Structure formats: structure tokens, C-alpha cells
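Written out below as C-alpha cells is the structure these notes cover.
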Amino acid sequence: MLYIVATPIGNLDDLSIRQAKTLADSEIILAEDTRSAFKLLEAIKKRFDFKIRDNQIVRSFYKEVEYKKSFDVIKDLENGKIVSLISESGMPVISDPGSILLKEVIKLNIKFTVIPGPSAVISALILSGFNTGNFMFLGFLPKKNNELRKLIKKIQKISEVTPSNIFVAYLSMYRYIDSLKIMDELIPDADICICREMTKKFEEVIRGKPKELMAKKFKGELTLVLKLTH
Numbered sequence: 001m002l003y004i005v006a007t008p009i010g011n012l013d014d015l016s017i018r019q020a021k022t023l024a025d026s027e028i029i030l031a032e033d034t035r036s037a038f039k040l041l042e043a044i045k046k047r048f049d050f051k052i053r054d055n056q057i058v059r060s061f062y063k064e065v066e067y068k069k070s071f072d073v074i075k076d077l078e079n080g081k082i083v084s085l086i087s088e089s090g091m092p093v094i095s096d097p098g099s100i101l102l103k104e105v106i107k108l109n110i111k112f113t114v115i116p117g118p119s120a121v122i123s124a125l126i127l128s129g130f131n132t133g134n135f136m137f138l139g140f141l142p143k144k145n146n147e148l149r150k151l152i153k154k155i156q157k158i159s160e161v162t163p164s165n166i167f168v169a170y171l172s173m174y175r176y177i178d179s180l181k182i183m184d185e186l187i188p189d190a191d192i193c194i195c196r197e198m199t200k201k202f203e204e205v206i207r208g209k210p211k212e213l214m215a216k217k218f219k220g221e222l223t224l225v226l227k228l229t230h
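In the UniProt record's numbering, the protein residues as written are 1 to 230.
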């Protein structure tokens, strides 16, 4: 059985009993970052009355090795192992490792389920205060400027032919100024909300136009919500 387990996006108090019990009972944990996984398991030991399974294995499972390692995971699942997949934070598979593995699991009719939990996308969407009836998730914004320009032009077209003019994306703290410059160039009237360090002590929500936000300094994990004006 494969469990796709959400984990806290910053605040360990968001760890649910079901998430903790699933991870404690797992024979194998596939972790995008093994250091984060071990910290999470230590938190489970301290916060819950669950015994971590003896001989539990924590394996690294990040995008660059997912294809290669998925074959071994399939063998473990076919042999009846209890396997959990976690990302560094939040929900696996969504802009994180897991899609290749899930494709094979579905093809082979292997049973799996999702243990839901915190989501940076949904949290940022609500914090933005924008009308959230329809939205589109863009994943991580492109690193290359020309690719970001192409993406912005595409979402402009999408917003013209669909009910959605709200877009959510992950934003690099190292590239946010370049990204905002391009937005100011192509969509200067767009309303933008940048959510920083959500659920953590220094959570911050900043709203404004691209040019206004370029003057701000952002550190930490950033999620951007973009509202296009027609």
C-alpha cells in the first residue's frame, strides 16, 4: 500500500494524528529530503504516543532519482510493503516528486491513497483575499526570463477565454526581483500578493502592483498570487 502523505509547510503544530500515525506505521518512507524526514519523525516521537516501526527505512526520493528509484518502490509495493511518500513540506506530487511513481502504481493497479494536509497553494490563495472561485496553479515560475515572458503571455490569453484570472505560483527568493520586473513590463496593472513563510513565526502577506513589490525585500519561502485585470 502506498500513502501520499502531506506534511506541515512550516508549523509542526499542523501535523495531524492521521499523518503521524501513517508515517509511524510505514515500513519505508520515501523522502524528498531525508534530513527533513528524520526531523519530522523525531517530532512524531515527542508529540504523539506512537511507536515508530522497528527497522523503518527512510530513502531519498527527489526528482532527479525518481524514475530510477520508482522500479524498486514498485517491487516493495508488490511485496506488500507499507510505503509513504513525503515531500520536504506540503503535499507530494504537486510540483514535487511522485508523479512518475503514481503513473506506474496506477498502471499496475496497486492500491494507494492520499493523507491530506497543509497546502501552500490554498493557504496563499485565501490569504490573498482575491475572489477564489476559479484559479490556476502554475508551479514554480520559470528561471529564464524569456520563458517567463512566454508564460505570462499564455496566462493573459487563458484569462480572456476562461472564468479564471487568478494564478498561483511558487516564487524563488533569489529571482523575485527579475520576475517582478517582467511582470511590470507585461502586466503592470496586475494585482499581486506575495505570501512569505506561511504558518511560521514571521509569516508575512504583502499586496501591491509589480512595481510596488519590487521595492520590497523578501526572504524565505514565497508563494505568489496574481490577479490579472481585464
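No residue lacks a Cβ here, since even glycine has one placed at the ideal position from N, Cα and C. These figures come from a predicted structure and were not determined experimentally.
Would you mind working out which of the options sits nearest residue i, comparing C-alpha positions?
{"i": "Y67", "options": "V205, G208 and L102", "result": "L102"}
{"i": "F48", "options": "F112, S89 and K21", "result": "K21"}
{"i": "K63", "options": "I106, P92 and T162", "result": "P92"}
{"i": "K39", "options": "R18, V121 and G10", "result": "G10"}
{"i": "I82", "options": "C193, D54 and L141", "result": "D54"}
{"i": "L213", "options": "S99, I166 and L226", "result": "L226"}
{"i": "D189", "options": "K107, E78, L125 and N165", "result": "N165"}
{"i": "L228", "options": "K209, E221, K219 and A215", "result": "K209"}
Determine the extent of the alpha helix (DSSP H) in which residue i is found, giving its start and end residues.
{"i": "V93", "result": "Counting along the chain, V93 falls outside any alpha helix (DSSP H), and DSSP gives it neither H nor E."}
{"i": "E204", "result": "From DSSP, E204 is part of no alpha helix (DSSP H) but of the beta strand (DSSP E) over E204 to G208."}
{"i": "D184", "result": "Y176 to L186"}
{"i": "S36", "result": "T34 to R47"}
{"i": "F112", "result": "Careful: F112 lies outside any alpha helix (DSSP H), inside the beta strand (DSSP E) at F112 to I115."}
{"i": "Y67", "result": "K63 to E78"}
{"i": "L127", "result": "A120 to S128"}
{"i": "S60", "result": "Careful: S60 lies outside any alpha helix (DSSP H), inside the beta strand (DSSP E) at I57 to S60."}
{"i": "L23", "result": "I17 to D25"}
{"i": "I106", "result": "S99 to K107"}
Start and end of the beta strand (DSSP E) containing residue i?
{"i": "T223", "result": "L222 to K227"}
{"i": "F140", "result": "M136 to F140"}
For residue i, write down the residues that DSSP places opposite it in a beta bridge.
{"i": "D191", "result": "K227"}
{"i": "L2", "result": "V83 and F112"}
Alpha helix (DSSP H) runs contained entirely in the region 139-174, provided each spans 4 or more residues: 145-161
Touch test, the region 142-150 against the region 175-192, Cβ-Cβ under 8 angstroms, three pairs minimum: yes
Stretch pair the region 135-144 + the region 96-111: three plus CB contacts closer than 8 angstroms: no
Touch test, the region 41-59 against the region 23-30, Cβ-Cβ under 8 angstroms, three pairs minimum: yes
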